[in-house]
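Chains as they are written, first to last, in the UniProt record's numbering: chain A, 1 to 421; chain B, 1 to 578. Don't be surprised by glycine CBs; every beta carbon is placed ideally from N, CA and C.
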């Protein structure tokens, strides 16, 4: 190893995280930047898994994507095609991408392109569809497919035209460091980030030579979509953590993700390998008429935000949503972030949190600290109904299972020639 | 059936409304209830959950929509009332503790970067390893945990010794550090008595008796019950004694333990003698030895407390201070002739007491006969009862007529062999109306004369009386002190002080030098610990942290749990994976 110790290697890893210069460059059809999507292929969230292990909502998303791509005309045909193995599945993470909830991304869906100007790395994430009946929660009705088509034909191109007018792209760090002082933790709450994004993009939308109807629809959609910034934050977190991964040493978490079947983590010193354990089911607040019995097990690449140090790790930054983590008031939020800080190496100076005495957000989750203390990262998440198509039934938190950290620790011990003897 | 209530323009955050919905669901008679803002997405949720009514179509996104499924209309009012209550009273009581809680050493030190003490009360099998980590982080250790193996205790204490730190315990039940009680401790006033003890309840009994009698405690340092064993060798006890010797708040040192291993006892007793402060020691279960210089032995805890109080109450009992503040001692020390005490008493029993103490200190065989009131006559030292018949023939008792005593004092003061003149002053009805007023000019003149001769002489007096007496105790004391005399709280203390001065004058090593030798022993971290309220990382019982905070100490609670949940294999890997 090029470093004196794991601690020193970890310092290099977190240095990469702090140094990252993510810029939102463009919105393009997924197939243009992810060649693997040419042909019948779908991306999904979390570690790789087979069709039969997918949760019902994720299968629903696959059906929706198959219909959207025009590979099948009916739900039945789509299902048959997917069951037959005709469609290739691969994790978003394997192709520099991330996707929320089911994470299902297909060739013609528009994706955000975020580049780290420090090393030119790029990461991609699909666009937020808003709330209600949406593909990421497994809905695939007409309304959903129509919206996906609109996003492909209107929203994606409009954003692309707007972003291309900004020399060098849109500086994401600026929005993030402002939004964290405005009550966003970037997983459960992205209102400030979404508003700031809209504030930046609207002048360019106005000069993007859009038809009036398109302009109206796009601005209305951005105005209505409180979580629009989540997907930008996911791509940002992904590109940042992938840059950090290039150190190839140390014990820092570079990805947290789950596919409804397994929770997977990646570690800076352990390359591209997933270390997995069965997922937990989130706990939280439910819309009326729903309860935890109907909750789908934990899904989505959105936990990349926690790997970066925000989301549940930065609960203290978002007083507006702290009651998802408990009913004890703001004290619980402080306690949650304080506890998360125990498993991290440092605080991120770029992400100063006013409600945390201006400490920076958590920086660099160290798997050694996770195993030592038994404290696993807490993830803020939406909760899907376990039956496809019903959509979101609540929101809350979920802890990463300890098992994947223990497995990774064993692998790290082997890599560094450490035994328990 | 479904009832709909729409509250116009009443925006509430969705999280609040989900909490509210949960809360209302438990209302009796409610089958289902939902409270949401009237956004299109929410109306869809109403539809999906079977709570849709046509009235909802009239709701705007800024309207609060309540739909209740119930058999009884009166329940609806109850629900609406519940909504109003909730909306108007949303502040939640934070359970936030004032004591920061952490889960790792690293964060504990982040939260209290200048911590200087770890209080450890976790299970014994894990205690030693955490105590080692504390020492590695240059923290002193208060180890409340019991069942710590003897080998571990020895290892920890030696390590602490090397690092200039102290390990109190294991099985250390109590402590008081700069007014902050640690673990099981009583609320006692701050005072000038410092305690080192190998017995928690022993310390508690002694400190509480002292407190009840109006005395106070500077520090109480527990050592753990095995500290005075041959294996441990009193490492902590000695360190504790040394820091108390240097602690300006401590004027009297109390030591309590079971009888130590013989070789350890000798070591500890030797340390007692070097402390330069009165030491009251009790080795429980052992008959007290004879007092030796500054070291006094007691038999019971009560006796220990009372003896300590006796020294603690004394004015200027601190010989060191007296010597360091008084340049005249240097002159006396350089004159080898000047080594005698002259005691001129009007009280016979007081004279006898003084004689006893002097005899004891200098190993003089007491004589059965006291001709001419001479209670003691040895070399140039003499203690005389001027109330003896030999002196009262033809004149009044010296309590009434001071003339003879004045003559004798003047004579003694002019004698170059006299180092200390001891006097009593018995006041009260029937006595001289102002004995101090008579002696004050005599003392002043004698001291001035001595200074003119490039000498010095010490007057030590005690006043037997009270504030209620016609002469008024404090006024008598003040007159004597203003004249340059040292006034002790009792005759015994006055005499001990006199003896102490002679011992100092006789000692070969200059006192200042002895003092600086002690400072060089490298007890800085421990000295620092007792010089201010402790800054504590509390590992284990949370109640201890609360006590520390209530008493003004800074504290962080380290919510300790076994490494890797007790998985030894992973713990081992973690230890090496650095």
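- For the segment 108 to 119 of chain B, there are no residues whose beta carbon sits under 7 Å from a beta carbon of chain A.
- Take residue 42 (chain B), set aside five residues on each side of it, and the residues of its chain with a beta-carbon closer than 7 Å to its own are 36, in chain order.
- Our two residues, residue 218 (chain B) and residue 192 (chain B), have alpha carbons roughly 5 Å apart in a direct line.
- DSSP places residue 253 (chain A) in the strand class (E or B) of the three-state scheme.
- For the 8 Å CB-CB criterion, residue 383 (chain A) and residue 393 (chain A) form a contact.
- DSSP, reduced to helix, strand and coil, places residue 564 (chain B) within a helical segment of the structure shown.
- When DSSP states are grouped into helix, strand and coil, residue 273 (chain A) belongs to the coil group.
- By the Cβ-count criterion, residue 213 (chain B) is exposed, with fewer than 16 other Cβ atoms from all chains shown falling within 10 Å of its own Cβ.
- In this structure, A:110 is the residue among A:342, A:110 and A:86 with its C-alpha nearest to the C-alpha of residue 97 (chain A).
- Residues of the segment 25 to 36 of chain B with a C-beta atom less than 9 Å from some C-beta of chain A are 25, 32, 33, 34, 35 and 36, listed in chain order.
- Residues of the segment 190 to 221 of chain A that bring their beta carbon within less than 8 Å of a beta carbon in chain B are absent altogether.
- CA-to-CA, the gap between residue 31 (chain A) and residue 112 (chain A) works out to about 12 Å.
- A direct Cα-Cα distance of roughly 25 Å separates residue 495 (chain B) from residue 241 (chain B).
- Residue 131 (chain B) is outside the set of residues whose beta carbon lies under 8 Å from a beta carbon in chain A.
- Using a 10 angstroms sphere on the CB of residue 165 (chain A), the tally of other CB atoms stays under 16, which defines it as exposed.
- Following the DSSP letters along the chain, one finds residue 204 (chain B) in no beta strand (DSSP E) but inside the alpha helix (DSSP H) bounded by residues 200 to 212.
- Under the 10 Å beta carbon count, residue 254 (chain A) is surrounded by 16 or more other beta carbons and is classified as buried.
- When the alpha-carbon of residue 406 (chain A) is set against those of B:30, B:128, B:574 and B:71, the nearest one is in B:574.
- Contact between residue 403 (chain A) and residue 257 (chain A) does not hold, since their C-beta atoms are separated by about 15 Å, which reaches or exceeds 8 Å.
- Closest in C-alpha terms to residue 248 (chain A), from the list A:64, A:416, A:163 and A:72, comes A:416.
- Chain B has a Cβ within less than 8 Å of the Cβ of residue 373 (chain A).
- Proximity of chain B to residue 406 (chain A) at the Cβ level (cut-off 7 Å) is accounted for by 570, in chain order.
- Interface residue (Cβ-Cβ distance to chain A less than 8 Å): residue 104 (chain B) is classified as such.
- Straight across, the Cα-Cα distance linking residue 210 (chain B) with residue 309 (chain A) is about 56 Å.
- Closest in alpha carbon position to residue 11 (chain B), among B:29, B:59, B:3 and B:27, is B:59.
- Cβ proximity to chain B below 9 Å picks out 5, 6 and 7 from the segment 2 to 35 of chain A.
- Taking C-beta atoms as the reference points, residue 397 (chain A) and residue 282 (chain A) count as a pair closer than 8 Å.
- Take residue 255 (chain B), set aside five residues on each side of it, and the residues of its chain with a beta-carbon closer than 8 Å to its own are 195, 196, 197, 237, 241, 268, 272, 279, 280, 281 and 282, in chain order.
- For residue 109 (chain A), the secondary structure class from DSSP, reduced to helix, strand or coil, is coil.
- Contact between residue 252 (chain A) and residue 33 (chain A) does not hold, since their C-beta atoms are separated by about 27 Å, which reaches or exceeds 8 Å.
- For residue 396 (chain A), the enclosing beta strand (DSSP E) has its first and last residue at 392 to 399.
- Nearest to residue 132 (chain A) by C-alpha distance, out of A:420, A:334 and A:385, is A:385.
- With respect to chain B, the C-beta atom of residue 420 (chain A) has a partner C-beta closer than 8 Å.
- If you draw a straight line from the Cα of residue 385 (chain B) to the Cα of residue 334 (chain B), it is about 31 Å long.
- In this structure, residue 234 (chain A) and residue 302 (chain A) form a Cβ contact; the two beta carbons are roughly 6 Å apart against a cut-off of 8 Å.
- Per the DSSP secondary-structure output, residue 296 (chain B) pairs in a beta bridge with B:280.
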